[in-house]
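Written out below as structure tokens is the structure these notes cover.
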Amino acid sequence: MLKKDNPNLEIDNLDIDILKQLMQDATKPYTEIAKDLIVSGGTIHVRMKKLQEMGIIKGSHLIIDPQKAGYDICAFLGIYLEKGIQYKDAVAQLSKIKEVVELHYTTGAYSMFAKIICRDTNHLRHVLNEEIQAVNGIQRTETLISLEESIKRQIELG
């Protein structure tokens, strides 16, 4: 059993089985999950509420294919800050750039590492030169363009 922030709340094998099913298909009805796991639908509702209160489930999202939506460039950006103290301000500014879809505070060579999605190389150039380089505190960046996404998954539970 895994304990989270509240010691009175634990997750057990049933919780993990529920999460596994929803991670495969977040649109699967609770009644189908209940049938598969041989429990009541009410049990699934109660367990889901508990998992949300524990912060294990942070919501659900519709996943689109950026390429099919006209966004052909996926790039990763190593960002060097002038000073580490500028991190929070840089995050606030970068969060306003819609093409930045992920941002991580990292150890190693970069202060931050970002994933950006753009329509094409001209759009990428504009985002890099006109928007990201304009962020206060960013000293310089290094860009890596993804040629293919080979694996994308969540952590496997259990």
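The working numbering numbers the first residue of the sequence shown as 20 and each following residue consecutively. All C-beta atoms in this analysis are idealised placements derived from N, C-alpha and C, irrespective of residue type, glycine included.
Give the single residue among E161, I30 and D139 whose Cα lies nearest to the Cα of Y90.
-> D139
For K54, collect the residues of the same chain with a Cβ closer than 6 Å to its Cβ; drop the 5 residues on either side in sequence, then sort them by chain order.
-> none
Sort out for me which residues DSSP pairs H123 with in a bridge.
-> F132
For L113, does the count of other Cβ atoms within 10 angstroms reach 16, so buried, or fall short, so exposed?
-> Around the beta carbon of L113, a 10 Å sphere encloses 16 or more other beta carbons of the protein chains shown; the residue is thus reported as buried.
Report the three-state DSSP secondary structure of G97 (helix, strand or coil).
-> strand
Starting from T140, follow the alpha helix (DSSP H) in both directions and report where the run begins and ends.
-> T140 to H145
Out of N155, C93 and K102, state which residue places its alpha-carbon closest to the alpha-carbon of V179.
-> Any question about residue 179 goes unanswered here, given that the chain covers just 20 to 177.
Count the other C-beta atoms from every protein chain shown that fall within 10 angstroms of the C-beta of L100, then say buried if there are 16 or more, exposed otherwise.
-> It is buried - the Cβ of L100 has at least 16 other Cβ atoms within 10 Å.
Who pairs with L163 in a beta bridge, going by DSSP?
-> Under DSSP, L163 takes part in a beta bridge, and its partners are F95.
Alpha carbon to alpha carbon, what distance is there between M73 and K23?
-> In this prediction, K23 has a pLDDT of 49, which is less than 50 and means its spatial position is unreliable; what the coordinates show is noted afterwards. Approximately 7 Å, taken between the alpha carbons.
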